[in-house]
Amino acid sequence: MKIFTTRASLAACGLAVSIVLAAPAALAQKAGTYTGTNSEGYGLEVVVAGSQGNYEITGVSDGGNVYCKTTEIGGWGLGIGTDDPITGNTATLNINYDTVYYQGSFKFSGDKVVVKQLFVVPVLTGTKTPPKTACGASTGTSTTTLTLSGAETRAPGPTVVHAAPFKIGG
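If you use the numbering used here, the sequence shown corresponds to residues 46 to 215, in order.
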């Protein structure tokens, strides 16, 4: 049995192997700022720092309308500074503070990240002054795709969270 090999077939084989080996790198996350707009029209931003093989989410900022049961309470903004590692192109961020609960999952692919998240804040309710009741006002779970938009990063640091209502009524 004779085996015929040509330079063209060897080049094609080498190209195919190169593409296969390069594919995982193309799917990896990149350092920088990923931005987009959530389903309610609020901006969402995720900041990633690090270098090849060692990336972390160092910041998340989001906004959303919060609801007590089915009643809209108003818009809230959320800012998080953190140092959560990204492993296998995914990360999770779970924060449970007195003033905010945040749950997020992040799936990176090239210049995109899909964020599935929920945040809950305590809101005083009722018509009495001072209010006598409160509820855990929630944004509900949402999924948003963000795109790498710049090289801005935030150095990893301790987890800090700030949540506050937007000014309502001008």
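By construction, the Cβ of each residue, glycine as well, lies at the ideal position given by its N, Cα and C atoms.
Run of the beta strand (DSSP E) containing residue i, from where it starts to where it stops
i: lysine 161; result: 157-170
i: glycine 122; result: 116-130
i: glutamine 190; result: Glutamine is not the amino acid found at residue 190; the sequence shown has threonine there. Counting along the chain, the beta strand (DSSP E) containing threonine 190 begins and ends at 187-195.
Whether residue i touches residue j by CB criterion (8 angstroms)
i: leucine 191; j: threonine 115; result: no
i: threonine 129; j: alanine 136; result: Sequence inspection shows aspartate at residue 129; the threonine mentioned does not correspond to that position. For aspartate 129 and alanine 136, yes; Cβs fall inside 8 angstroms.
i: threonine 189; j: asparagine 83; result: yes
i: glycine 185; j: tyrosine 112; result: yes
i: valine 42; j: valine 168; result: Outside the displayed range of the chain (46 to 215) lies residue 42, so it cannot be described from this structure.
i: asparagine 134; j: glutamine 74; result: yes
Same chain, Cβ closer than 8 angstroms to residue i, five either side skipped, listed in chain order
i: serine 194; result: Gly77, Thr78, Tyr79 and Thr80
i: glycine 104; result: Glu90, Val91, Val92, Gly124, Ile125, Gly126, Thr127 and Arg199
i: alanine 196; result: Ala76, Gly77 and Thr78
i: isoleucine 213; result: Residue placement at isoleucine 213 cannot be trusted, given a pLDDT of 46 that sits under 50; the coordinates are not used to answer.
Helix, strand or coil at residue i according to DSSP, with G and I counted as helix
i: threonine 144; result: coil
i: tyrosine 112; result: strand
i: glycine 77; result: strand
i: glutamate 90; result: strand
i: proline 175; result: coil
i: glycine 181; result: strand
i: asparagine 99; result: strand
i: glycine 104; result: strand
i: glycine 133; result: coil
Residue-level contact to chain C via CB, residue i, 8 angstroms cutoff
i: glycine 81; result: Absent from the structure: chain C. Only one protein chain is present.
Same chain, Cβ closer than 6 angstroms to residue i, five either side skipped, listed in chain order
i: serine 106; result: Glu90 and Gly124
i: proline 210; result: Gly119 and Trp121
i: valine 159; result: Lys152 and Thr190
i: asparagine 110; result: Glu85, Glu117 and Gly120
i: serine 150; result: Thr137 and Lys161
i: lysine 177; result: Gly171
i: tyrosine 87; result: Gly108 and Gly109
One or two residues paired with residue i in a DSSP bridge
i: serine 154; result: Lys157
i: glutamate 85; result: Bridge partners of glutamate 85: none, in fact.
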